[in-house]
Structures are given as C-alpha cells and as structure tokens.
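Peer 1: Residue numbers (this note's numbering): 4 to 175. Ideal Cβ placement from N, Cα and C applies to all residues, glycine included.
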C-alpha cells in the first residue's frame, strides 16, 4: 500500500509517458500485490485512455467491470477508445474494440439495439466482417425482422470475397 501511495504521488508531477508507465505499475500492484479492484479499475481506465489499443488492459478492465458491476462504464470507455483509435488510423484495433463493445452490450448489458448499432459501425469500417454479419443476422432473425435479414444477406453476398462466406449467405 505504501508503494502504491508513493507511485500515486509521483504520478501527479510526471509527464504523459511517465504517467502511463506509473499507471501500468499501479495496475499490476492493485491486482497482484495488494488487491484493490476499485483502485485497479481507476489505473486501468487511465491506461486505456492513454493506450486504447492495449488489448491486455481491455481484458483486465472487462474482468474488473464484471466483478465491480461497472459494465456500463466499460461500454462507454470502449466507445471512447474506439473514437481515439479512429483518429490514430488503426482500423484493426478499432474493429477489435468495437467488437468487444458489441459483445458486452449484447451479453452482460442485454442491450441488443446498442450491440446492433455497434456491429453496424464494424461494417462501416470493414464491409465484409463475418462476425458483424452473423450477429446482425442473428439479431434480425430473433426479432423477426425478415426484410432486414434478407437485406443483410444480400449485402453480405455483394461485398464478401470469401467463397465459404458467400456460399453460407446464399444458402441462408
């Protein structure tokens, strides 16, 4: 606990790179050294804000959100991370963050509309994304939105180069 307090104090006068390094150290301390999920959440949130492409930190935040009941905050943090990554021109990272957010929304938050909107963002980024199509089609079927399902299948056929995916869409 004493080391964490010292690091927290050092963090206040450090530059951005040093703050990120200190936050990573604090995260490790709060998870492994002196377990403090609330403090770990704060440190991990700061790391995510500074390094939104860090998949390990996103996984840690996911576990902490589940434990602390902060799934809504995690969904918001992932949306912010995706926005930051878009401006840095990292489409694979943006896709990964959006997919994580969509799974969270559909799963623990039971927000199907939010999940579908996020999967549509994935399609806007990558028009042939199999997982996005699968999730949107499944959601449309579950809700009985048959014209939407047909439009998605047709769109998938039009944009997908992968023969296996095209065949699956054609058969459906």
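State yes or no: is the C-beta of residue 47 within less than 7 Å of the C-beta of residue 31?
Peer 2: On the chain shown, position 44 is the one that residue 47 refers to. On the chain shown, position 28 is the one that residue 31 refers to. No, the pair does not count as a contact, with Cβ atoms beyond the cut-off.
Peer 1: Mapping DSSP to helix, strand and coil, what is residue 141?
Peer 2: Counting from 1 along the chain shown, the entry for residue 141 is found at position 138. Residue state, collapsed to three classes: helix.
Peer 1: Say whether chain C places a C-beta atom closer than 7 Å to the C-beta of residue 19.
Peer 2: Considering every chain present, this structure includes no chain C. It has just one protein chain.
Peer 1: What is the rounded straight-line gap between the Cα of residue 75 and the Cα of residue 40?
Peer 2: Residue 75 sits at position 72 when you count from the first residue of the chain shown. Residue 40 sits at position 37 when you count from the first residue of the chain shown. Distance between the alpha carbons of residue 75 and residue 40: 16 Å.
Peer 1: Could you have a look at residue 163 and say whether DSSP puts it in helix, strand or coil?
Peer 2: Mapped onto the chain shown, residue 163 falls at position 160. Of the three classes helix, strand and coil, the one that applies to residue 163 here is coil, per DSSP.
Peer 1: Check whether the stretch 130-138 and the stretch 81-97 touch, using three or more Cβ-Cβ pairs below 8 Å as the test.
Peer 2: Output reads no: the stretch 81-97 does not touch the stretch 130-138.
Peer 1: Reducing DSSP to helix, strand and coil, say where residue 101 ends up.
Peer 2: The count along the chain shown starts at 1 and reaches residue 101 at position 98. DSSP places residue 101 in helix when its eight states are reduced to three.
Peer 1: What are the boundary residues of the alpha helix (DSSP H) that residue 25 is part of?
Peer 2: Counting from one through the chain shown, the residue named residue 25 turns up at place 22. 19-31 is the span of the alpha helix (DSSP H), which, as asked, contains residue 25.
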